[in-house]
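Input: a single structure, listed below in structure tokens.
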Amino acid sequence: MNRMDVCVVACAELFRGDGEILASPMGPVPSLGARLARRTFEPDLVLSDGEATLLTTDGKPEGWLPYRAVFDVVAHGRRHVVMGANQIDRYGNQNISCIGPHQAPKRQLLGVRGAPGNTVNHRTSYWVPKHSPRVFVPAVDVVSGVGYDRDGGPFHDVYRVVTNLCVLDFGGPDHAMRVVSLHPGVTADEVIEQTGFPLVVDDPPVTREPTAEELAIIRELNPAW
24 MNRMDVCVVA CAELFRGDGE ILASPMGPVP SLGARLARRT FEPDLVLSDG EATLLTTDGK
84 PEGWLPYRAV FDVVAHGRRH VVMGANQIDR YGNQNISCIG PHQAPKRQLL GVRGAPGNTV
144 NHRTSYWVPK HSPRVFVPAV DVVSGVGYDR DGGPFHDVYR VVTNLCVLDF GGPDHAMRVV
204 SLHPGVTADE VIEQTGFPLV VDDPPVTREP TAEELAIIRE LNPAW
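Numbered according to this note's numbering, the sequence shown terminates at residue 248, and the numbering increases by one at each position without gaps.
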């Protein structure tokens, strides 16, 4: 077992209790997590490849989501997306657009893309592979995904952030970011040091490790891990 196995399980846990919704995990670790969740405790999840195909846990097509229907799904809340974040602040505002002023950025990134619609219409979580002060910033340069200090509307639900160090949510005062659990071997001081704003830290437990069954499934889904 390694740290990434713990991260995969933490990403799987994002979907616990979701039931029959469209899971849209972006990136290898969240995708493995969604597939693990479906193979174990959330068998009703519907997995998307991010375009039009709905997949089984071994990656085979089992259905089709036509492009004309994608935005209906995005707008009506039957979805849980896991996005990345080049920057994120203590209230969950996310930036994937650019670094520096939008009018004259120092570095151009993906652009805002679908982040606003994701965050105001259905549950959204984030995966950050390298927890650092460059990502966890006091204020994002551009708001792509909407955080809790802004009016996100009635369906706004920024759920959790999984990183290589810990799991976080927004259960602090005024929806401030809070440490939910620390990955095995990681200390609270290490997480605090790698975060560019004050965190709520209330004696968090250790993130659970994969069971033997889950570890076998992870190895099956990704033999080269």
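Quick reminder that beta carbons are idealized off the backbone N, C-alpha and C, glycines included. Being a predicted model, the structure only gives us computed values, none of them experimental.
A straight-line Cα-Cα distance of about 18 Å links Val143 and Ala199. Per DSSP, Leu244 lies in no beta strand (DSSP E) segment; the continuous alpha helix (DSSP H) that holds it begins and ends at 235 to 244. Taking one beta carbon from each stretch, the region 76 to 90 and the region 132 to 149 have fewer than 3 pairs nearer than 8 Å; the two do not touch. In the DSSP assignment, Thr63 forms no beta bridge with any residue. About 18 Å separates the beta carbons of Val184 and Pro207, which is beyond the 8 Å limit, so they are not a contact pair. Every alpha helix (DSSP H) of 4 residues or more that sits fully in the region 155 to 231 is shown, in chain order, as 211 to 216. By the C-beta density criterion, Trp150 is buried, having at least 16 other C-beta atoms within 10 angstroms.
It is roughly 24 Å from the alpha-carbon of Val104 to the alpha-carbon of Pro161.
In this structure, the beta-carbon distance from Val202 to Leu222 falls below 8 Å. Spatial neighbours of Glu237 in its own chain (CB-CB distance under 7 Å, excluding positions within 5 residues in sequence) are listed in chain order as Val32, Leu59, Thr63.
Taking 8 Å as the cut-off, the beta carbon of Asn118 is found closer than this to the beta carbon of Asn109. Three or more Cβ pairs closer than 8 Å define a contact, and the region 117 to 133 meets that threshold against the region 161 to 170.
The beta carbon of Gly176 is closer than 7 Å to those of Val143 in its chain, skipping five residues each way along the sequence.
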